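Start counting the sequence shown at 117; every next residue gets the next number (my numbering).
Just so you know, even glycine gets a beta-carbon here, dropped at the ideal spot from N, CA and C.
In this text, all values refer to a predicted model and were calculated from it rather than measured experimentally.
What follows is a single structure, written as structure tokens, with notes after it.
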Amino acid sequence: MATPTRLRLAAAIIAAFAAAAILSSPTRAAASSTDYDAAIAVLERFIEHEMTDKELPALSIALVDDQRTVWARGFGFADPERRMEATADTVYRVGSVSKLFTDIALMQLVEQGKVDLDADVTRYLPDFRPRNPFDRSITLRHLMSHRSGLVREPPTGSYFDPTEPSLTATIESLDRTSLVYPPGTRTKYSNAAVAAIGYVVERMNGEPFARSVKRTVLDPLGMRRSGFEATPEVRANLAKAYMWTLDGRVFPAPTFAMGIDPAGALYTTVNDLSRFWSALFAGGRGAIGEILQPSTLDSMLAPQFAEPGAKRAFGLGFSMGELDGRPTAGHGGAVYGFATTLRGLPREKLGVVVVTTKDAANAVTGRVADAALRAMLAVREGKPVPPPQITSPLDRQVARELAGRYRKGRRGYELVASADRLSILPFEGGMPARVRSLGDELVTDDRLAYGLRIIPRDGALTIDGETFERVRARKPRPALERWRGLIGEYGWDHDILYILERDGKLWALIEWFELDPLEEISENVFAFPNRGLYDGERLVFVRDESGRAVRVEAAGIVFERRRVGPEEGAAQLRIEPVRPIDQLLKEA
């Protein structure tokens, strides 16, 4: 009988051949830039509409056809206050797109025979000892494909941490954490995992991570305006980005460096990222030198640990998916105030990169990227360029009539009408999304989400083909006494964690937009759902003598209680309205 190791090896070989087949498929010759005029005209109109509708300050885009960047430009203002226009050379933070460059740096070490993807990571980081109650060790392959079971964020140097600790301190802090799942068994997205990959690169190359990746990856690609450090040149050309909240506030995004830099700290431009696409389409040959051998790149594009026939999976770093039945590869990125989509069709050698300066607006960058790829395919095939669907505002009276709760078994949705919008949220939590009109249907369409189809029918809703019946809303019961000392705000001005009661459960609103019901484990311990940003992780509250929580350790990160009212020791509770008082009164 074949051993598990041999089975994994066989699966890896088959997947590598499949990826090689994708990249080696015959393609048509690259179209000239003038061939794309019709596509560009359609995209310009769509981008301008989306920027107005979603209130995006700036957006830059680049389209790549094999070895040619056929179009690259900016829209809006990189600095709205100074009226500085965005261009294709405006510098942005691209968040998790950074992971691809970290993973490529590691794969260079694999090519050199210095590291083994399937060896225990402690071979390269002997002091890397997160608590592991399972009988499986963590490998580099696990870390790269988000199968390590590690927490999403390290206790030190996390996405929330403004103290700018070193990469060493960040990785050392993981020894205070425990694995959430057994390695290799389940996809759990982890910034901490890719930060550890970056630390291996730093240790093996004997130089700081940022300098090492610039020398071995960015410079050979010709990405001269890119780097993992905010140099004076980078800061001079960096777009200003903005945060926003569900209650309507907007404020400048923080700019601190994170300890998880290898997972999310790349500064770059769409022109530079177009060179990255061309190098991938050339089998790893960059503008100045080779970054990887074709076979190594092929292995990165092979889905890892995926079920047969899965349409979405992680490769070695790359996020694999499909568009209209065609395999895609790329990555998304979201980091304070910036949202990025890097997506391509490897078989057709077409790629796109879209970046904007409004926090978490990845639904918009993703839609623009998909529209661009469809437009480029139409040009290649000599077909009319398909215009993207445009939604329209929902009538206020219709929104009020639809507001309510709809259930099918234990699952359901709540629709909330507020001011001039209707929002939808699943009972199991997630990110609330705005609902708009699209012909005879309704569809979610905002910065956070697009595409959930909703059809109202006789007091019920058909949502993505399933029917949910309206249920009568009941008057909410008071929060349980044992929870009252936990409810409140925790954390920093730039990223507040809200703990609230809803439907007889304690809930957490984290990273401004994700609203999750919590499962009570004990008096002070609660669990996030087995989905979402903090899949399977826990919150542990620390109370004072009166029973009031003074802090909460959420997913291993300590959030201190905020002083926002008399009960927190503040002199007076003051609320700054986000809209004029007379408008708020009318809405109420």
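Item	Value
Residues near ALA373 in its chain [Cβ-Cβ closer than 7 angstroms; skip 5 each side]	GLU280, ALA346 and ALA381
Of the listed residues ARG268, ASP580 and ARG600, nearest to ILE706 (C-alpha basis)	No answer is possible for residue 706: the residues shown for the chain start at 117 and end at 704.
Local conformation of PHE629 per DSSP, three classes	coil
Validate contact between the segment 601-617 and the segment 666-678 using beta carbons, cut 8 angstroms, 3 pairs	yes
Three or more C-beta pairs below 8 angstroms linking the segment 185-196 and the segment 375-393	yes
Local conformation of HIS165 per DSSP, three classes	helix
Beta-carbon contacts of GLN699 that lie in its chain and below 7 angstroms, excluding the five residues immediately before and after	none
Touch test, the segment 414-425 against the segment 275-292, Cβ-Cβ under 8 angstroms, three pairs minimum	no
Beta-bridge partners of MET547, as assigned by DSSP	MET547 pairs with nothing; no bridge assigned.
For LEU222, the nearest candidate out of SER662, GLU585, TYR275 and ALA379 (CA to CA)	ALA379
Simplified DSSP assignment, three categories, for GLY581	coil
Per-residue burial, LEU337 [other beta carbons within 10 Å of its own, 16 or more giving buried]	buried
N- and C-terminal bounds of the beta strand (DSSP E) containing MET339	No beta strand (DSSP E) contains MET339, which DSSP labels as neither H nor E.
The segment 484-502 / the segment 526-543 touching (three or more Cβ pairs under 8 angstroms)	no
Inter-stretch contact at 8 angstroms, needing at least 3 Cβ pairs: the segment 507-519 / the segment 534-554	yes
Member of PHE244, ASP181, ARG268 and GLU164 whose CA lies at the smallest distance from the CA of PRO173	GLU164
Assigned secondary structure, ASP561 (DSSP; H/G/I helix, E/B strand, else coil)	strand
Euclidean distance between Cα positions of ARG199 and PHE193	6 angstroms
DSSP bridge partner residues for PRO443 (one or two, in chain order)	GLU438
Between the CA atoms of SER328 and GLU318 - distance to the nearest angstrom	7 angstroms
Residue(s) in a DSSP beta bridge with LEU175	PHE191 and THR472
Neighbour-count burial assignment, ILE673, 16 or more Cβ in a 10 Å radius	buried
Beta-carbon proximity check, LEU432 vs MET260, cutoff 8 angstroms	yes
PRO368 - containing alpha helix (DSSP H), residue span	First-last for PRO368: 366-368, but that is the beta strand (DSSP E), not the alpha helix (DSSP H).
Sequence-distant residues of its chain with Cβ nearer than 7 angstroms to ASP609 (five each side left out)	none
With 16 other Cβ atoms within 10 Å as the buried cut-off, status of ILE540	buried
Beta-carbon proximity check, HIS447 vs LEU461, cutoff 8 angstroms	no
Local Cβ density within 10 Å of ARG245, reported as buried at 16 or more and exposed below that	exposed
Chain-order list of residues whose beta-carbon lies under 7 angstroms from that of VAL401 (same chain, five-residue window excluded)	The question names Val, but residue 401 in the sequence shown is Arg. The residues are ALA395.
VAL656, DSSP secondary structure in three states	strand
The segment 358-372 / the segment 462-477 touching (three or more Cβ pairs under 8 angstroms)	yes
Simplified DSSP state of ALA450, which is helix, strand or coil	strand
Nearest to GLU201 (by Cα), restricted to the options VAL694, ASN353, GLY555 and ARG598	ASN353
8 angstroms contact criterion, which LEU466 and VAL180 should meet: CB distance rounded	7 angstroms
Spatial distance of ARG573 from ALA519 (CA atoms)	14 angstroms
SER553 versus TYR522: straight-line alpha-carbon distance, rounded	19 angstroms
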